[in-house]
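Here the sequence shown is numbered in numbering that gives the first Met the number 0, starting from 0 and rising by one per residue.
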Amino acid sequence: MKIICIGRNYVDHIEELNNERPLEPVVFLKPDTAILPKKTPFTIPAFTNEVHHELEIIVKISKVGKYIDKKFAHKYYDEIGLGIDFTARDIQNNLKENGLPWEKSKAFDGSAVIGDFVPINCFNSLENIKFELTNNQRIVQQGNSNRMIWSIDELIEHVSKYFTLKKGDIIFTGTPKGVAKVNPNDVLEGFLNDKKLLRLHIR
Ligand code: MG
Numbered sequence: 000m001k002i003i004c005i006g007r008n009y010v011d012h013i014e015e016l017n018n019e020r021p022l023e024p025v026v027f028l029k030p031d032t033a034i035l036p037k038k039t040p041f042t043i044p045a046f047t048n049e050v051h052h053e054l055e056i057i058v059k060i061s062k063v064g065k066y067i068d069k070k071f072a073h074k075y076y077d078e079i080g081l082g083i084d085f086t087a088r089d090i091q092n093n094l095k096e097n098g099l100p101w102e103k104s105k106a107f108d109g110s111a112v113i114g115d116f117v118p119i120n121c122f123n124s125l126e127n128i129k130f131e132l133t134n135n136q137r138i139v140q141q142g143n144s145n146r147m148i149w150s151i152d153e154l155i156e157h158v159s160k161y162f163t164l165k166k167g168d169i170i171f172t173g174t175p176k177g178v179a180k181v182n183p184n185d186v187l188e189g190f191l192n193d194k195k196l197l198r199l200h201i202r
């Protein structure tokens with residue numbers, strides 16, 4: 000399976016990092032080795048001094064597809080959930096300055112946290128879903144899917160032009176503002192419409 004990640008999909012996060020608003024979705028991949036095993040703490044890697052949490056709505060692809068029109072994109076997933084796109088921001092800033100690919104900062108082992116999934120028929124609308132991250136019980140990120148620049152279905156249309164989507168692939172749909180450094184002993188908890196879908200210790 001593969002993990003397809005979207006960058007810069009929320010205006011408030013673009014502004015906090017002083018990035019430019021993209022004309023089309025920013026896309027990068029993480030390998031399956033990036034997935035943090037369930038119930039495992041996240042250990043901050045030795046090569047970075049600044050790992051940021053990025054809480055994101057994630058989508059699990061349920062069947063194979065290519066060149067999927069956004070009108071039909073809803074047929075390609077039945078579950079959404081929450082994930083964390085851990086980012087070594089110091090490494091990423093250096094790579095960005097030098098015009099280099101982001102993988103070392105985004106795709107390292109443990110950088111993809113995948114929480115529990117919820118069937119999409121539990122939601123009235125996928126375009127009004129609240130989500131929230133707490134760190135040691137303090138709210139650090141709050142978002143709503145209604146603030147996405149590109150909706151889930153539009154993202155599926157876009158990424159499936161380039162990559163065949165297969166059952167089990169996961170799309171990270173971008174983070175809202177509030178990204179910040181994690182430290183040893185932090186406990187992160189993620190909520191989707193107030194339902195807790197992930198809990199994670201940092202080491
Ligand atoms: Mg991200």
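Built from N, CA and C at the ideal position, the CB exists for glycine as well.
All values derive from a computational prediction rather than experimental measurement.
How many Å lie between residue i and residue j at the Cα?
i           : j           : result
residue 208 : residue 98  : Any answer about residue 208 is impossible in this case: the structure gives the chain only from 0 up to 202.
residue 28  : residue 22  : 19 Å
residue 95  : residue 102 : 11 Å
residue 195 : residue 139 : 15 Å
residue 6   : residue 174 : 8 Å
residue 45  : residue 178 : 20 Å
residue 13  : residue 25  : 12 Å
residue 184 : residue 165 : 36 Å
residue 10  : residue 144 : 12 Å
residue 205 : residue 135 : Lying before the first or after the last residue shown, residue 205 is absent from the chain, which here runs from 0 to 202.
residue 55  : residue 82  : 5 Å
residue 60  : residue 137 : 32 Å
residue 78  : residue 118 : 4 Å
residue 161 : residue 129 : 29 Å
residue 176 : residue 2   : 22 Å
residue 123 : residue 50  : 35 Å
Closest to residue i by C-alpha separation, out of the options, would be which residue?
i           : options            : result
residue 125 : 109, 149, 134, 103 : 149
residue 120 : 145, 105, 131, 74  : 74
residue 105 : 163, 114, 84       : 84
residue 72  : 190, 154, 11, 176  : 154
residue 63  : 76, 57, 69         : 76
residue 16  : 59, 67, 100, 92    : 92
residue 58  : 156, 171, 180      : 171
residue 127 : 147, 43, 182, 51   : 147
residue 189 : 111, 131, 2, 69    : 131
residue 69  : 197, 123, 152      : 152
residue 30  : 20, 4, 43          : 4
Is the CB-CB distance between residue i and residue j below 7 Å?
i           : j           : result
residue 41  : residue 169 : no
residue 214 : residue 48  : Outside the shown range of the chain (0 to 202) lies residue 214, about which nothing can therefore be said.
residue 80  : residue 114 : yes
residue 199 : residue 191 : no
residue 52  : residue 181 : yes
residue 33  : residue 111 : yes
* Which parts of the region 151 to 175 are runs of the beta strand (DSSP E), unbroken and 3 residues or longer, counting only runs that do not cross its ends? -> 169 to 171
* May I have all residues whose beta carbon comes closer than 5 Å to any heavy atom of the ligand MG, sorted in chain order? => 53, 84, 174
* Taking the runs of the beta strand (DSSP E) that are 3 residues or longer, which of them lie wholly in the region 37 to 104? -> 50 to 52, 54 to 60, 76 to 84
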